[in-house]
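Participant: This structure is in structure tokens; I'll ask about it shortly.
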Amino acid sequence: MKKIICETYEEMSAVAAFTIAVQVQVKADSVIGFATGSTPLGTYKKLRELYASKFVSFSAITAFNLDEYYPIKRDNPQSYYYFMWENLFRHVDIKPPQINIPDGSAVDPEMECADYDAKLMAAGGTDLQILGIGNNGHIGFNEPNEKLELMTNLVKLAPDTIEANSRFFDNISDVPAQAITMGMGGIFNSKHILLLINGEGKAEITKKIFDGTVTATVPASLLNLHPNVTVIMDKQAAGLICD
Ligand code: PGA
Numbered sequence: 445m446k447k448i449i450c451e452t453y454e455e456m457s458a459v460a461a462f463t464i465a466v467q468v469q470v471k472a473d474s475v476i477g478f479a480t481g482s483t484p485l486g487t488y489k490k491l492r493e494l495y496a497s498k499f500v501s502f503s504a505i506t507a508f509n510l511d512e513y514y515p516i517k518r519d520n521p522q523s524y525y526y527f528m529w530e531n532l533f534r535h536v537d538i539k540p541p542q543i544n545i546p547d548g549s550a551v552d553p554e555m556e557c558a559d560y561d562a563k564l565m566a567a568g569g570t571d572l573q574i575l576g577i578g579n580n581g582h583i584g585f586n587e588p589n590e591k592l593e594l595m596t597n598l599v600k601l602a603p604d605t606i607e608a609n610s611r612f613f614d615n616i617s618d619v620p621a622q623a624i625t626m627g628m629g630g631i632f633n634s635k636h637i638l639l640l641i642n643g644e645g646k647a648e649i650t651k652k653i654f655d656g657t658v659t660a661t662v663p664a665s666l667l668n669l670h671p672n673v674t675v676i677m678d679k680q681a682a683g684l685i686c687d
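All you need for the numbering used here is the position in the sequence shown, starting with 1, plus 444.
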């Protein structure tokens, strides 16, 4: 995995945004995998600026998001659909039919997962997949486990994920207990994976993914097996690893 260690969160976000923008400049019809959470907020802010300054257009891209809570309606401000719309999509020229986010209100979530994989496969997988990492090492909502799923699946959220994500909700009991997530296969099918990590709170888990081992109990450690991963982090996240 290639490492880029940045001085600040802003610098990390700018490097990530330019990487995405250059991908789209080189291949206008790129398939981009988007992530939600606090980590990519700065990246999406910078992408909005790059779009506003006409540095990049998203008019021909196709988007696939990593995950969505289940059950949740798209107009719920806690949904990842809402997050993506507010933080990026409504500000740029992406075509709404080209936006793919698992439907957290699907009556048949298993069918929704199968449909999502079919669309992802028909698009040829992602050219660039943006990832954050949970404190427990999850990527998407692929939670630490003995076995990891390859395909998009309905997952029960780990208690530490529910606790971490409760900061966005009024009450911990409001956090949905399940989610639909792209599986490890969908993530690994990407031609280039961009893992973003910031903050001192992620230093321990960052150390684990660079300790020279892979384990399903730290799903992000499996990224060591992918041929093209770039990890962009701020120096707080990188505090416990050697350059
Ligand atoms: P965060 O979440 O960016 O809000 O820390 C990352 C994740 O859980 O994947």
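Glycine is no exception: its CB is placed at the ideal position from the N, C-alpha and C atoms.
Within the same chain, show all residues whose beta-carbon is closer than 7 angstroms to that of residue 632, passing over the 5 residues directly before and after it, in chain order.
Facilitator: Against the sequence shown, residue 632 aligns to sequence position 188. Once the five neighbours on either side are set aside, the close Cβ partners of residue 632 are 670.
Participant: Within the same chain, show all residues whose beta-carbon is closer than 7 angstroms to that of residue 523, passing over the 5 residues directly before and after it, in chain order.
Facilitator: As a position in the sequence shown, residue 523 is number 79, starting the count at 1. 512, 513, 516, 517 and 548.
Participant: If we require 3 or more residues per run, which beta strand (DSSP E) segments fall completely within the region 550-584?
Facilitator: 572-575
Participant: By DSSP's criteria, residue 520 is part of a beta bridge. Which residues make up the other side?
Facilitator: Residue mapping note: residue 520 aligns to position 76 of the sequence shown, counting from 1. Beta-bridge analysis with DSSP links residue 520 to no other residue.
Participant: Identify whether residue 595 lies in helix, strand or coil by the three-state DSSP scheme.
Facilitator: What you label residue 595 is simply residue 151 of the sequence shown in a count that begins at 1. Coil.
Participant: For residue 469, which residues from the same chain have a beta carbon less than 7 angstroms from its beta carbon, with the 5 sequence-adjacent residues on both sides left out?
Facilitator: As a first step, residue 469 must be located in the sequence shown, where it is residue number 25. Same-chain partners within the cutoff: 500.
Participant: Three-state secondary structure (DSSP) at residue 644?
Facilitator: By 1-based counting over the sequence shown, the position of residue 644 is 200. Looking at residue 644 - three-state DSSP - the assignment turns out to be helix.
Participant: Kindly indicate the opening and closing residues of the alpha helix (DSSP H) around residue 470.
Facilitator: Here residue 470 refers to the residue found at position 26 when the sequence shown is read from its first residue. Looking at the DSSP string, the run of the alpha helix (DSSP H) that includes residue 470 is 453-470.
Participant: With a cut-off of 8 angstroms on the beta carbons, I'd call residue 459 and residue 676 a contact; round off their distance for me.
Facilitator: Position 15 of the sequence shown holds residue 459. Position 232 of the sequence shown holds residue 676. About 5 angstroms; that satisfies the 8 angstroms criterion.
Participant: Select from 483, 502, 465 and 573 the residue whose C-alpha is nearest the C-alpha of residue 638.
Facilitator: Here residue 638 refers to the residue found at position 194 of the sequence shown. Of 483, 502, 465 and 573, the residue nearest in Cα terms is 573.
Participant: Flag residue 446 as yes if its beta-carbon sits less than 8 angstroms from any beta-carbon of chain C, otherwise no.
Facilitator: Absent here is chain C; the protein component of the structure consists of one chain.
Participant: As a quick exercise: from 595, 622, 579 and 545, pick the residue whose alpha carbon is nearest that of residue 429.
Facilitator: Outside the displayed span of the chain (445 to 687) sits residue 429, for which this structure offers no information.
Participant: Does residue 532 come out as helix, strand or coil in the three-state DSSP assignment?
Facilitator: Locating residue 532 in the sequence shown gives position 88, counting from the first residue. Here residue 532 sits in coil by DSSP.
Participant: Tell me whether residue 627 counts as near ligand 1, meaning its Cβ is closer than 7 angstroms to at least one heavy atom of that ligand.
Facilitator: As a first step, residue 627 must be located in the sequence shown, where it is residue number 183. Not so, every heavy atom of ligand 1 lies at least 7 angstroms from the Cβ.
Participant: Quick one: Cα of residue 520 to Cα of residue 538, how far?
Facilitator: Reading the sequence shown from its first residue, position 76 is the one you call residue 520. Reading the sequence shown from its first residue, position 94 is the one you call residue 538. Approximately 21 angstroms between the Cα atoms of the pair.
Participant: Ignoring anything shorter than 3 residues, give me the beta strand (DSSP E) runs that lie fully in the region 607-644, in order along the chain.
Facilitator: 622-625 and 636-641
Participant: Roughly how many whole angstroms lie between the Cα atoms of residue 582 and residue 609?
Facilitator: If you number the sequence shown from 1, residue 582 lands on position 138. If you number the sequence shown from 1, residue 609 lands on position 165. The straight-line gap from Cα to Cα measures roughly 13 angstroms.
Participant: Using C-beta distances below 7 angstroms, list every residue in its chain close to residue 490, excluding the 5 sequence neighbours before and after it, in chain order.
Facilitator: Stepping through the sequence shown from its first residue, residue 490 is reached at position 46. Hits under 7 angstroms: 457, 458 and 461.
Participant: How many whole angstroms separate the CB atoms of residue 479 and residue 576, which I take to be in contact at a CB cut-off of 8 angstroms?
Facilitator: To locate residue 479, count along the sequence shown from 1; it is residue 35. To locate residue 576, count along the sequence shown from 1; it is residue 132. Between residue 576 and residue 479 the Cβ distance is about 5 angstroms, and since that is below 8 angstroms, they are a contact.
Participant: What does DSSP give as the partner residues of residue 477 in its beta bridges?
Facilitator: Along the sequence shown, read from residue 1 onward, the residue named residue 477 stands at position 33. DSSP lists 508 and 573 as partners of residue 477.
Participant: Going by beta carbon distance, what residues of the same chain come within less than 6 angstroms of residue 672, once the five residues before and after it are set aside?
Facilitator: Walking along the sequence shown from the start, residue 672 turns up at place 228. Closer than 6 angstroms at Cβ, skipping near neighbours: 636.
Participant: For residue 498, tell me which candidate among 466, 588, 679 and 528 has the shortest Cα-Cα distance.
Facilitator: Along the sequence shown, one-based indexing puts residue 498 at 54. Comparing Cα-Cα distances from residue 498 to each of 466, 588, 679 and 528, the minimum goes to 466.
Participant: Span of the alpha helix (DSSP H) holding residue 674?
Facilitator: For the purposes of this step, residue 674 is taken as the residue at position 230 of the sequence shown. Careful: residue 674 lies outside any alpha helix (DSSP H), inside the beta strand (DSSP E) at 673-678.
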